[in-house]
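What follows is one structure encoded as structure tokens, with my remarks underneath.
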Amino acid sequence: MREIRGLLSVGLTADETLPFVECLRAGNDRADVCPASLAAYRLRIAEIERRIGELSTLRDELTDLLHDAESYRPQETP
620 MREIRGLLSV GLTADETLPF VECLRAGNDR ADVCPASLAA YRLRIAEIER
670 RIGELSTLRD ELTDLLHDAE SYRPQETP
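The opening residue of the sequence shown carries number 620 in the numbering used here; numbering runs sequentially from there.
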């Protein structure tokens with residue numbers, strides 16, 4: 620149960636912990652030594668990497684907007 624709580628605490632959903640539960644039910648000492656558990660880790664890491672990419676893009680866009688706003692000088696009318 621402690622291992623499952625740990626998995627939930629790092630962002631896996633209850634459904635994503637199923638391979639780990641099945642691994643323990645198969646008699647393994649650890650929940651993450653089965654191929655399906657390793658695949659679940661990889662999928663979660665890939666999702667985090669995708670989200671990091673999205674957030675980095677948003678940060679860059681906001682940084683550009685901030686720099687544009689900070690450097691804005693209204694044009695003088697003749």
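Backbone N, C-alpha and C fix where the C-beta goes; we use that ideal spot for every residue, glycine too.
Since this is a predicted model, take the numbers as computed values, not measurements.
Whole-angstrom distance between Leu-626 and Ile-671, CA atom to CA atom: 20 angstroms
Alpha carbon of Arg-644 to alpha carbon of Glu-668, nearest angstrom: 30 angstroms
Beta carbon of Asp-651 nearer than 8 angstroms to that of Tyr-660: yes
Residue range of the alpha helix (DSSP H) that includes Arg-669: 654-689
Rounded separation between Glu-622 and Ser-675 - CA only: 31 angstroms
First through last residue of the alpha helix (DSSP H) which encompasses Arg-644: Element bounds for Arg-644: 637-644.
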